[in-house]
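Report on the following structure.
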Amino acid sequence: MPLLPSQLPQYATRLIGRTRARTLVLDLLLDAQARLVTLYGQSGAGKTRLSLEVAEQVGEVFRDGRYFVALAPVSQAQFVLPTIAATLGVEESHNEAILDSLVLALADKQILLILDNFEQVSAAASEIQVLLRRAPGLTCLITSRQALEVADETPIMVPALQYPEIGEDYSLEALEQYSAVNLFVERMRTRQPRFRLSADNAAALVDICRLVQGLPLAIELIAAHSASLTPQDLLFFVRNHLSMAALNPKQSARQAIIKPVLAWSVSMLPADAKDIFIQLGVFAGGATSETIKQVGLVEGLPFETSLNALIDRHLLQTEQLPGQQPRFIMIDAVREYALEQLQKTGRFYYLQERHALHYQTLSESVHQQIRGADGAKWIEQARGEIHNIRQAISWSLESSDGLIAQRIAGNLYFYWYRTSAYREAVAWLEQTYQHPNRSDLSAIARIATGLGGLLISLNRFTEAEAYLIEARRLWQELKLPHDEISAIGNLAVLYGTLGRLHDSQVAFEAALALARTVGNQQREILMLHNLGTLAQERNQLATAQDYFEQALALKQQLNQTWDMFLSQINLGLVAVDYGRYAEAKQWFDQAFVNAYAINDHDNLAYIRYARGIAAAEQADYAQAELHFGEAEQAWRAVGNQEAMQRSWIKQAEITIATGNYAQASEYLAKLEPIEALIQEFRLYHAILATRLALATNDHAAMQQQAQDMLAIAATTELRRYDLMIMQHCAALVAATHPELAAQLMATAQQIRQERGLYQSVAEQQWLAQTGLDQLEPSVALSFAAALQATKTALAR
Numbered sequence: 000m001p002l003l004p005s006q007l008p009q010y011a012t013r014l015i016g017r018t019r020a021r022t023l024v025l026d027l028l029l030d031a032q033a034r035l036v037t038l039y040g041q042s043g044a045g046k047t048r049l050s051l052e053v054a055e056q057v058g059e060v061f062r063d064g065r066y067f068v069a070l071a072p073v074s075q076a077q078f079v080l081p082t083i084a085a086t087l088g089v090e091e092s093h094n095e096a097i098l099d100s101l102v103l104a105l106a107d108k109q110i111l112l113i114l115d116n117f118e119q120v121s122a123a124a125s126e127i128q129v130l131l132r133r134a135p136g137l138t139c140l141i142t143s144r145q146a147l148e149v150a151d152e153t154p155i156m157v158p159a160l161q162y163p164e165i166g167e168d169y170s171l172e173a174l175e176q177y178s179a180v181n182l183f184v185e186r187m188r189t190r191q192p193r194f195r196l197s198a199d200n201a202a203a204l205v206d207i208c209r210l211v212q213g214l215p216l217a218i219e220l221i222a223a224h225s226a227s228l229t230p231q232d233l234l235f236f237v238r239n240h241l242s243m244a245a246l247n248p249k250q251s252a253r254q255a256i257i258k259p260v261l262a263w264s265v266s267m268l269p270a271d272a273k274d275i276f277i278q279l280g281v282f283a284g285g286a287t288s289e290t291i292k293q294v295g296l297v298e299g300l301p302f303e304t305s306l307n308a309l310i311d312r313h314l315l316q317t318e319q320l321p322g323q324q325p326r327f328i329m330i331d332a333v334r335e336y337a338l339e340q341l342q343k344t345g346r347f348y349y350l351q352e353r354h355a356l357h358y359q360t361l362s363e364s365v366h367q368q369i370r371g372a373d374g375a376k377w378i379e380q381a382r383g384e385i386h387n388i389r390q391a392i393s394w395s396l397e398s399s400d401g402l403i404a405q406r407i408a409g410n411l412y413f414y415w416y417r418t419s420a421y422r423e424a425v426a427w428l429e430q431t432y433q434h435p436n437r438s439d440l441s442a443i444a445r446i447a448t449g450l451g452g453l454l455i456s457l458n459r460f461t462e463a464e465a466y467l468i469e470a471r472r473l474w475q476e477l478k479l480p481h482d483e484i485s486a487i488g489n490l491a492v493l494y495g496t497l498g499r500l501h502d503s504q505v506a507f508e509a510a511l512a513l514a515r516t517v518g519n520q521q522r523e524i525l526m527l528h529n530l531g532t533l534a535q536e537r538n539q540l541a542t543a544q545d546y547f548e549q550a551l552a553l554k555q556q557l558n559q560t561w562d563m564f565l566s567q568i569n570l571g572l573v574a575v576d577y578g579r580y581a582e583a584k585q586w587f588d589q590a591f592v593n594a595y596a597i598n599d600h601d602n603l604a605y606i607r608y609a610r611g612i613a614a615a616e617q618a619d620y621a622q623a624e625l626h627f628g629e630a631e632q633a634w635r636a637v638g639n640q641e642a643m644q645r646s647w648i649k650q651a652e653i654t655i656a657t658g659n660y661a662q663a664s665e666y667l668a669k670l671e672p673i674e675a676l677i678q679e680f681r682l683y684h685a686i687l688a689t690r691l692a693l694a695t696n697d698h699a700a701m702q703q704q705a706q707d708m709l710a711i712a713a714t715t716e717l718r719r720y721d722l723m724i725m726q727h728c729a730a731l732v733a734a735t736h737p738e739l740a741a742q743l744m745a746t747a748q749q750i751r752q753e754r755g756l757y758q759s760v761a762e763q764q765w766l767a768q769t770g771l772d773q774l775e776p777s778v779a780l781s782f783a784a785a786l787q788a789t790k791t792a793l794a795r
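When we follow numbering that gives the first Met the number 0, the leftmost residue of the sequence shown carries the number 0, and every step to the right adds one.
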């Protein structure tokens, strides 16, 4: 599974000092001596900078990438694995936990993960251990204020930089050999290019390094003010702040050094810049300039000038990811201080509320736009703000009346579905649904709609149905038919997943009628497509074709060229079922052009899969195997587990046809456990397992698989495989009950004629191999009677 391109944060300045620690970590990583290395030490000691320097030098070992995972904005351990997955571009599968999705993605990769600022999510250490154990090519380099103290960890303390201790003699010439002094001098030269160490300023520099105990962050913050201040001036200004903090020897370095230095640094700012700095503490993971303006109280302030001043003083950094606007971010120690100051101003609650309301507005835009032509853009925008979104939801649930959280969660359910964040979505939706606030019933209805749809993906069907029925009732009570369509549509999907195809059809038809009544053409298209798919599953090809043609015509009427490929693919598959292969190729070619235009990798894989079906039906097994293999790889790349299962089933079918029975067994084994499959896949698996047992003359397997096939066939409303089932029933009893086999083949022929099904070359070949094409015509049975007769014959 390909990952996103690896990108490491870049520094314009060189790393100073750290020779011993850097060499030690490099040796461990280059020689693969350790796979869990923790750089721990005081706040501001330079752990992040050291980790990135090491990562730059080990690229040849980690051929598949080095990834930086910023955990400072992550306040809950449950979000560590999702944050790692988002950094790598790995999506959660609906039928497996995010840990399993990561293991699948990393199984054959040589990867270095830098997990930065792990201390506040240390409870996730056990998950990291499991990930390392199951992904043998993975190495984790962690930065934290404390060692994790877990098995197989190699902790390396990152000390402060070196400086002359009190009472230690030093010469002016040797002073820059001390790494703390060297860092201070280099940073001062960026402000004063002509600066030189001298007898006049050396003592002040040394005293500052002693006061801050060689902590790089403190030195960076102080040196950022050196454009107009001498070392003596800097010493004078910071000494009082530091000496007051030193009165409490039990304080951490962050409290005793970093916080006083930050207090001094901020005190030196203009009042407007200081105000904006404090307000920036409200953001988790930073924000864009436009967002800061919308959330903050900055009207009338010199905004751009103030931001530049904060950047210049090392209090703010900029970050820009591909395709996104520049973000202004604070490192964790700086943001913590800004937030503390904000809490003292009396504006904390007000700004938190403005922050939450801003992300409520964003969630409304995402909800309205995500299904449109610019849906991918809105997904990326929401993904870039996920830390702020989580903070807004948490704040609303913990410190407010929960209403904003309910609205955000309800608005984002489809975003979470599209990004496969099933379990995080359900967790937020359940929390907000269970909140006692019921002042906005539309928010509750939207949460219930989303929960129902997402719980289907997690196979929690009983709960899903209850939520969707409640959602439909609420939408009807609120007289909001556009939203009711979503609840009905999700109910139809649920019934289809459960094999209740009649109930599914009734629900889809109700949703279609409602969409037409209220003029919701987007939902009309969706329901037409779903009804076409349902008709395909019931072997009603003419009906399926009619629905797909209506959906395509409506898309053309609306000029939705970007969304035509799904109808085109399905029309192509209907053409394959009719044996019109040239027509099918035309549909697939058109679908490819449209899906390629918007870079839809999932549906490009579906087109390869559809081409594979057409090739297999014509007994062009080499071409079919190529298409199915390419589809599987592409679906693996986007994490579509259910679609991969679909490709394995078809690959099992063609390897049986080509006599590669061992390979067929491997493909069928990939689908285990069978109980976890959707009903269609369980039935198809049973049919193919029966075919394989017949081909290998495995009587024990033949009995077991035949019983499974008959059991599912007797209860399902799926009609797509009725013809195959009858043919396999005939093959099972042909040797012992030839008259019954003839009746079963007559039943199969009746199904073919009634439904207008085409006999493919592949089917003709299989019938010839089994000798079923030589049976004399007989009297057809009803489908149910045929199943029972087969079951009785096999039991004798």
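A virtual CB, placed ideally from N, CA and C, is assigned to each residue, including glycine.
Since the model is a prediction, treat every value here as computed from it, not as a measurement.
What is the rounded straight-line gap between the Cα of residue i and the Cα of residue j?
i           : j           : result
residue 315 : residue 482 : 43 Å
residue 697 : residue 707 : 15 Å
residue 114 : residue 70  : 7 Å
residue 604 : residue 646 : 10 Å
residue 728 : residue 789 : 6 Å
residue 422 : residue 281 : 27 Å
residue 786 : residue 525 : 36 Å
residue 693 : residue 535 : 28 Å
residue 504 : residue 572 : 20 Å
residue 417 : residue 448 : 15 Å
When burial is assigned at 16 or more other CB atoms within 10 Å of the CB, is residue i buried or exposed?
i           : result
residue 769 : buried
residue 156 : exposed
residue 440 : exposed
residue 30  : exposed
residue 296 : exposed
residue 458 : exposed
residue 307 : exposed
residue 755 : exposed
residue 184 : buried
residue 132 : exposed
residue 235 : exposed
residue 794 : exposed
residue 112 : buried
From the DSSP output, in three-state form, read off residue i for me.
i           : result
residue 115 : strand
residue 132 : helix
residue 140 : strand
residue 177 : coil
residue 11  : coil
residue 421 : helix
residue 31  : coil
residue 370 : coil
residue 718 : coil
residue 268 : coil
residue 799 : Nothing about residue 799 can be read from this structure; the chain reaches only from 0 to 795.
### Query
Which ranges does the alpha helix (DSSP H) cover as unbroken runs of at least 4 residues, wholly within the region 604-672, from first to last along the chain?
620-637, 640-656, 660-669
### Query
At what residue ranges does the region 554-612 contain a whole run of the alpha helix (DSSP H), taking only runs of 4 or more?
564-576, 580-596
### Task
Inspect the CB distances between the region 259-278 and the region 357-376 and report whether three or more fall short of 8 Å.
no
### Task
Kindly confirm or deny that the region 348-356 and the region 384-391 touch, where touching means at least three C-beta pairs closer than 8 Å.
yes
#### Entry: In chain order, each alpha helix (DSSP H) run of at least 4 residues that lies wholly inside the region 178-264
178-190, 201-210, 215-222, 230-244
### Task
Just list the alpha helix (DSSP H) runs in the region 426-493, keeping only unbroken ones of 4 residues or longer that don't cross its boundaries, in chain order.
440-456, 460-477
### Query
If we count Cβ pairs, one from each stretch, closer than 8 Å, do we get three or more for the region 604-613 versus the region 622-637?
yes
### Task
Would you mind listing the alpha helix (DSSP H) stretches within the region 298-330 that are 4+ residues and don't spill past its ends, in chain order?
302-311
### Query
Can we say the region 582-601 touches the region 539-556, given the rule of at least three CB pairs closer than 8 Å?
no
### Task
Check whether the region 487-501 touches the region 707-722, taking contact to mean three or more Cβ pairs, one atom from each stretch, closer than 8 Å.
yes
### Task
Flag this pair as touching only if the region 190-199 and the region 9-17 have three or more C-beta atom pairs under 8 Å; answer yes or no.
no
### Message
Using 8 Å as the cut-off, can you tell me whether the region 261-270 makes contact with the region 52-69, which would need three or more C-beta pairs spanning the two stretches below that distance?
### Response
no
### Entirely enclosed beta strand (DSSP E) segments - the region 33-112, minimum 3 residues
35-39, 65-69
### Query
Quick one: any contact between the region 211-226 and the region 40-54, if contact means 3 or more CB pairs under 8 Å?
yes
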